[in-house]
Structure formats: C-alpha cells, structure tokens
Amino acid sequence: MRLPFTAQTDRPVRSWPVRIARALLLLAVAPIPLILLFAVINPPVTMVMLGRVVQRVGAGERPYWPAHTPIARSDMTPSVRRAVLASEDDRFYLHNGIDFVELNNALDRRKRGGKLRGASTLTQQVAKNIFLWNGRSFIRKGMEAYLTVLLEIFLTKERLLDLYLNLAEWGPNQFGIEAGAQHHFRKSASRLTRDEAARMAAILPSPRKWSPRGPIASRRVGAILGRMQYAAPRTEEVK
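Just so you know, our numbering puts 214 at position 211 of the sequence shown, and the rest follows in order with no gaps.
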C-alpha cells in the first residue's frame, strides 16, 4: 500500500529541478523581446530612473519624475558622441561589450597601489540603466554581464551609443543628453559647442555632484578635448 503513496510524493519532488530550469530559461529569454524593441524605440523609463523617483519621494524632493526627452541621433551634435567616447569608453568599437583589456589595466593599477577605477563599458552601463539597480553584488554583476552580451548581439554599436546618450544621468533628476544640455547650458543638444560637449562628458562619473563649469570638469576637459581630435578607434581600422 505504500508504493503508490511513495510514487505520488516523489513525483513533485522530482519536478522541482524542471520547474527551476524552466524559470531560469524564462528569465534568460525575457529581455530579448524588449531589446529587439529598443532597436527602434527609446525606453520611456529605466530602472535607474525609477530608483531616483523612489529616492526623491522618500526625501520629499520635487518634481518626483525626472526630466527626460529622448531625441534622434540627428538632433545631437556629433561632438557629444565623440566626447562621451573619449571620456567613458574610447575602445567602444573594439570590444564586444566587456572590455577585458581595460579591465586588466584597472586590476594592474590596483596591484600597483593605485585606485581601483571602474572599467564598465557603455554597453554595460546601458544594461544597468535599463534593467538593473545600483550596486556591486556578484549577482547583479553577473546579470549585467549577461544583459550586456544580449545587447551586443541584437543591437548595433551606433544604436547602443544612441541609447546611452538618451538614458545616461546628466545632472540632478536630468536624464538624457537633451535634458542635460537644457539644464546646464539652456540650449538643445544639437547646439552644444565642442567645449560644452566635452564638459558634459566630463561630469558623467558623478553627474549629480559635478557641474560642467565646476573645477573637476575644468580639470578633465583638456584631456577629453585632446582625445576628441582623433576618431574613435574602430575594428576595421586596426586590421
């Protein structure tokens, strides 16, 4: 009489690995339709934006909702694109989302006693901004790496750069290059000068604390302008 009972209780136990595998598969493929959609439209909101809304609500700061006006590539001065690459990821066209060369350089600097500087690529930052939360846990970094691979597979480099420029935080409650340009220089992103574009790129490591006209940006802008005079290195140029 115990055999049927044992068989009945064993069946759901054995099904748990299958359920877990199915859930993991679903989580793995769930971002793909959204990524394909982002090939033609800009995300209206990101996880980082929602996180800022929660922070502002908790602090009683207004407006709660961030300034965010996505624009087309043709509405951005080309200097903005080159300035951001020069400042944040000059090897953008050479890597596949994760820059192992820069990562190794960062680790070498740390071993020599230097400060451990972040080596996140623009694609990794896009993955974090859209899908994830701020943090440094291994789980979050693993998810970021997987999403970065998906973004590189399904989107072109130029589209990834478009997304970054339209989603990056460029000041307190300011998201996207258009909102940032209006906030800091009272002009559209299409009218930024070369120097202003470099100053906008200079504040990206800490956009809520630094000002494009502040001392830190002023120290960084010269190096950025120097790199801007050269084209961003591309794969086909080094073959």
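Beta carbons are placed, not taken as given, at the ideal position from N, Cα and C, and that holds for glycine.
The model shown is predicted, which means the values in this text are computed figures rather than measured ones.
Between which two residues does the alpha helix (DSSP H) containing residue i stretch?
| i | result |
| --- | --- |
| E1 | The structure shown does not extend to residue 1, since the chain is modelled only from 4 to 242, so the question has no answer here. |
| G229 | P218 to M231 |
| R202 | R197 to A205 |
| A130 | L125 to F134 |
| A182 | I180 to F188 |
| G145 | F141 to F157 |
Do residue j and residue i come within 9 Å of each other at the CB atom, strictly closer than that value?
| i | j | result |
| --- | --- | --- |
| S18 | R223 | no |
| G174 | R211 | yes |
| S182 | K190 | Note on residue identity: the sequence assigns Ala, not Ser, to residue 182. Cβ atoms of A182 and K190: not closer than 9 Å. |
| L125 | I38 | no |
| P36 | V56 | no |
| A86 | I219 | no |
| D93 | P236 | yes |
| R76 | Y67 | no |
| W213 | A205 | yes |
| R84 | L168 | yes |
Of the choices the options, whose alpha-carbon is the least far from that of residue i?
| i | options | result |
| --- | --- | --- |
| H98 | P47, P66, K131 and L163 | L163 |
| S193 | P20, M79, P34 and R59 | M79 |
| K131 | P34, P218 and P73 | P34 |
| L150 | R237, R59, L170 and I101 | I101 |
| I133 | L110, R237, L170 and Q177 | L170 |
| G54 | N176, G225 and A205 | N176 |
| Q128 | L207, G61 and P20 | L207 |
| K160 | F95, K144 and S214 | F95 |
| P73 | R143, N45, V83 and L29 | N45 |
| P81 | R65, S123 and L195 | L195 |
| V152 | N137, A31, V43 and R65 | A31 |
| A42 | W136, F141, L158 and L27 | L158 |
| G229 | L88, N108, A148 and E147 | L88 |
| L40 | N108, E64, R65 and L166 | L166 |
| H71 | E172, R22, L106 and I23 | E172 |
| S252 | F141, F103 and G225 | Examination of residue 252 is not possible in this model, given that the chain is present from 4 through 242 alone. |
Looking at the unbroken beta strand (DSSP E) that takes in residue i, where does it start and where does it end?
| i | result |
| --- | --- |
| G174 | E172 to G174 |
Flag residue i as yes if its beta-carbon sits less than 9 Å from any beta-carbon of chain C, otherwise no.
| i | result |
| --- | --- |
| T159 | No chain C appears in the structure shown, which is made up of a single protein chain. |
Return the chain-ordered ranges of every beta strand (DSSP E) run that is complete within the stretch 41-85 and spans a minimum of 3 residues. none
Any chance the stretch 36-56 sits against the stretch 196-206, with 3 or more Cβ pairs inside 8 Å? no
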